[in-house]
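Scroll down for the structure; my scribbles are underneath it.
2 protein chains.
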Amino acid sequence: MKVLITGAGGYIGSVLQAVLTQRPEVAGQRVDAIALVDRVLPGAAGPRRVAIEGDLTDSAVLERIADFRPDTTFHLAGVPGGASEADYLVGRRTNLDATLALFEQLAQQRRDADRAPVVVYASTIAVYGTRLPPVVKQETPLQPPLTYGAHKRVCEILLADFSRRNELDGRTLRLPGIVARRSAGPGLTSAFMSDVLHALADGVPFEAPVSEEATAWWMSARRCAENLVHAAGMDLTGADPGRAWPMPVLRLSMRDIVNTCAEAFGPDRKSLVAYRPIESVEAVFGRYPVLDDAPSRALGLLDDGTPLALVLRALGREA
Amino acid sequence: MKVLITGAGGYIGSVLQAVLTQRPEVAGQRVDAIALVDRVLPGAAGPRRVAIEGDLTDSAVLERIADFRPDTTFHLAGVPGGASEADYLVGRRTNLDATLALFEQLAQQRRDADRAPVVVYASTIAVYGTRLPPVVKQETPLQPPLTYGAHKRVCEILLADFSRRNELDGRTLRLPGIVARRSAGPGLTSAFMSDVLHALADGVPFEAPVSEEATAWWMSARRCAENLVHAAGMDLTGADPGRAWPMPVLRLSMRDIVNTCAEAFGPDRKSLVAYRPIESVEAVFGRYPVLDDAPSRALGLLDDGTPLALVLRALGREA
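Protein chains in written order, with the numbering used here: chain A, 148 to 466; chain B, 148 to 466.
Rendered as C-alpha cells:
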C-alpha cells in the first residue's frame with residue numbers, strides 16, 4: 148500500500164504523518180511507502196518516506212506523483228478561505244485547477260490497475276454557508292458563502308463524478324475548524340478556537356472575539372487525522388453517490404470550552420477569559436446549528452467523545 | 148446594449164437570434180449590437196451583427212469577446228451529454244474550462260464598468276439525476292448522473308460565486324429537452340421528442356422508443372429563447388443566491404403528445420405511432436416527476452401554456 152499526502156507539511160498533514168508512523172496501516176493494509184507533497188517539508192526524511200517538495204500547481208510535482216503511483220491519496224493541500232477571497236487566482240490555482248489536475252493524474256493510473264485509486268479529499272464545512280436551518284442534514288442545500296467554499300464544493304462534485312466513472316474511488320470529508328494549531332497567524336479567523344486552548348493550558352489571559360454563548364463545531368487534529376485514515380477504508384456499498392460527509396463534531400459553546408479547560412487545568416482558568424465579541428466573527432463562528440452527522444457515524448467516523456477528551460487530545464496531552 | 152451569444156449557430160442559438168431580430172430588446176434596453184460565437188456561423192452577417200467564428204476554447208475568440216465588451220451574454224455553447232461521457236477531455240474543455248474562462252474574461256470587464264456584466268447561462272435538467280422524489284423542488288439535492296451534468300452543475304456554482312463577488316450578474320436556467328429540432332442525428336437520446344412532432348406533422352410513421360405512459364418535461368425552442376431573453380432582465384432582489392432555476396415545463400406523456408398532434412393535424416395521426424420502449428431510454432426520458440417550478444414562475448418565466456400551443460410553437464406554426 149503506497150500512500151500520498153498533499154499538504155503534508157501543514158498542521159493536519161503533520162498529525163496525519165504522525166498517526167501513520169504510529170500505526171502504518173490504511174484500509175487494512177500495511178503502508179509500504181508514503182510520499183509527502185508540500186512546498187516546504189522539514190524533517191520529511193525517514194524510512195519509507197518520499198519527499199516531493201514543490202507546489203501542486205507545478206506539473207513536475209504531478210509527474211513525480213504519477214511515478215510514485217499511490218494506492219491511496221490524502222488530498223489536504225489548499226489555500227485558506229481568507230487568502231482565496233482576497234486573491235481569486237491564488238485560490239483558483241490550488242483549490243480548483245491543481246485539485247482537478249491531481250484527480251485527472253490519479254485517474255490516469257486506473258487504466259492498468261485492478262481498482263480505482265482511493266482519494267480522501269479534505270473539504271470544509273465552509274460549503275454549507277451561513278444561512279442554515281436549525282439542523283443541518285445530508286440533504287441541506289449548500290450555499291458556499293466564499294470562493295473558497297465554492298471551489299471546495301466544485302471539487303467534491305468532480306470527485307463524485309470520477310468515482311461514478313470508476314476512475315477514482317473518492318471519499319470527501321468536510322472538516323470543521325481543527326484544534327489546536329499553534330500561532331496560525333493572521334488571516335485565519337477561526338484561530339481563536341485554537342488560541343483559547345493554548346492560552347488556558349498555559350495559564351495566560353485570553354480575549355475571546357465571540358460571546359460566551361457562541362456555539363461552534365469542534366474537533367481535535369488527532370481525531371481528524373484518524374478519521375481521514377478511516378475514510379480510506381470505508382465500505383461505501385449503497386452509500387450516497389455524492390460521496391461527501393461532514394466529520395462528526397462536538398457542538399460546544401465557548402462557555403463549555405472554558406469550563407472544560409477549568410476542569411483540566413484548574414478553576415482559576417475561568418477568570419483568564421474576557422469576552423469581546425466581534426459581530427463578523429460571531430456571525431460565522433458563533434451560530435453553528437445542530438449537525439445531523441448520523442450518516443457519517445454510520446460509516447464509522449468519530450467525534451472526540453467528550454469535551455475533556457477533545458481538549459486533551461487537541462493539546463497532545465491525551466493519556 | 149451589446150449582446151453576446153455563444154453557441155449562436157446551434158438550434159437554440161438560431162431561435163434566440165430570430166427572437167432578438169423580431170424584437171431587439173433585452174432588459175428593457177434596445178439592442179445595438181449582437182456578437183455571435185460558434186465554430187460555424189452560416190448567414191450570420193447582417194446589420195448590428197458581429198460574427199466571431201471559432202471555438203470558445205481558443206484564446207483568440209476570448210480576446211475578440213473582450214474587445215466587444217458585451218453587456219449581456221447568453222452562454223449556450225456546450226458539448227452534449229453523450230459526447231461528454233464518451234470523451235472526458237472534449238466535454239471538460241468546453242463545458243468546464245471554456246465556460247470558466249468566459250466567466251473570468253467577462254468578470255475582467257467589471258473593473259471599469261458601472262455594473263457587473265449579465266450572464267444568462269444555459270444549464271440543464273441533467274443536473275438533477277435519475278433518482279428523484281415525486282416532486283422536484285428548488286431544494287431537492289442534485290445528483291448529476293453524467294459528467295455533462297456534473298460540469299454544468301460546477302459552472303452553476305462558479306457563476307453564483309462570481310455573482311456573489313459582484314463581478315458578474317449571473318442567471319442560470321436549467322433547460323429541459325427542447326423541441327422540435329430537425330434531424331438531431333445520433334448521440335442525442337432525447338431526439339425522439341423532436342422526431343415525433345415532425346413525423347406526425349408530416350404524416351409519416353413513427354416508432355417511439357418509450358411507452359405511451361412515458362412522461363417527460365416539454366418546452367418549445369421559441370419559448371425557451373423567450374425565457375432566456377426574459378432572464379437577462381429579471382429582478383433578483385432577495386432571490387436565491389444559487390441563482391439557478393429550472394425552466395417552467397409542461398409535463399406530458401407520449402399519449403398526451405400524440406393526442407395533441409391528432410388534434411392539430413388530424414385523427415389519423417394516432418395510427419402512425421408504434422410504441423417499442425427501450426428500457427434505457429424509458430428510464431431517463433420516461434419517468435420525469437412533477438417539477439415544482441413556482442420559484443421560476445414567480446420570476447416571470449413561462450412554459451408553453453397548453454400542449455397544443457407547445458406543438459404548434461415547436462414546429463414554427465404558431466399563429
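Glycine included, each C-beta is placed from N, C-alpha and C at the ideal position.
Quick check on this structure: which residue in A/V197, A/V266 and A/C408 has the alpha carbon closest to the alpha carbon of A/L315? A/V266
Taking 8 Å as the CB-CB limit, is B/P288 close to chain A? yes
A/P393 by DSSP, collapsed to three states: which one? strand
Rounded to the nearest angstrom, what separates B/A386 and B/V150 at their Cα positions? 24 Å
Look at A/V184 and A/V376 and say whether their C-beta atoms are less than 8 Å apart. no
Quick one: does A/R444 have its CB under 8 Å from some CB of chain E? Among the protein chains in the structure shown, which are A and B, there is no chain E.
Mapping the DSSP letters down to three states, classify B/T407 as helix, strand or coil. helix
Quick one: what's A/R398 bridged to in DSSP? A/W364
Leaving out five residues before and five after A/G380 in sequence, what residues of the same chain have Cβ atoms less than 8 Å from its Cβ? V173, A174 and G175
Give the secondary structure of B/V301 by DSSP, where H, G and I count as helix, E and B as strand, and everything else as coil. helix
Mind listing which residues of the region 307 to 318 of chain B have their C-beta closer than 8 Å to chain A's C-betas, in chain order? A307, D308, R311 and R312
Given that B/V283 touches chain A, what residues does it touch there, using C-beta distances under 9 Å? Correct list: empty, because the minimum Cβ distance to chain A is about 13 Å.
Can you look up B/E465 in the DSSP assignment and give me helix, strand or coil? coil
Residues near A/L209 by beta carbon distance below 8 Å, same chain, minus five either side: L203, A248, L249 and Q252
Might you give, ordered along the chain, the residues of its own chain that have their beta carbon closer than 6 Å to the beta carbon of B/D218, omitting 5 neighbours on each side? M148 and K149
The ligand MN heavy atoms versus the CB of B/D349: any closer than 7 Å? For the ligand MN, the structure offers nothing, since it holds no ligand at all.
Write down the C-beta distance between A/S400 and A/R460 rounded to the nearest angstrom, noting that I regard them as a contact closer than 8 Å. 19 Å between Cβ atoms; not a contact.
Three-state secondary structure (DSSP) at A/G380? coil
Once DSSP output is grouped into helix, strand and coil, what is the label at B/I159? helix
To test your reading of the DSSP string, which unbroken beta strand (DSSP E) runs of 3 or more residues are found completely within the region 157 to 216 of chain B? 180 to 185 and 196 to 200
Tell me the DSSP bridge mates of B/K149? B/A180
I need the DSSP call for A/V428, collapsed to helix, strand or coil. helix
With which residues is A/E473 paired in a DSSP beta bridge? Any property of residue 473 of chain A remains undetermined from this structure, which presents chain A solely from 148 to 466.
Where does A/D450 land, buried or exposed, given buried means 16+ other C-beta within 10 angstroms? buried
Name the chain B residues whose beta carbon is nearer than 7 Å to that of A/I304? A297, R300 and V301
Please report the distance separating the alpha-carbon of A/R136 from that of A/L347. Chain A is shown from 148 up to 466; residue 136 of chain A falls before or after that span and cannot be answered.
C-alpha gap between A/S358 and A/E429, whole angstroms: 7 Å
Within 8 Å, strictly: CB atoms of A/A182 and A/F221: no
Between which two residues does the beta strand (DSSP E) harbouring B/V265 extend? V265 to T271
With a threshold of 8 Å between beta carbons, is B/P264 in contact with chain A? no
I'd like the span of the alpha helix (DSSP H) that includes B/G317, first residue to last. No alpha helix (DSSP H) holds B/G317; the beta strand (DSSP E) holding it covers D316 to L322.
Where does B/T287 sit, in a helix, a strand or coil, going by DSSP? coil
How many Å lie between A/V326 and A/A372 at the Cα? 12 Å
Using a C-beta to C-beta distance shorter than 8 Å, which residues of chain B count as neighbours of A/G389? P288 and Q290
Rounded straight-line distance, which links the Cα of A/A180 to that of A/Y235: 35 Å
I'd like to know whether the C-beta of A/T294 is nearer than 8 Å to at least one C-beta of chain B. yes
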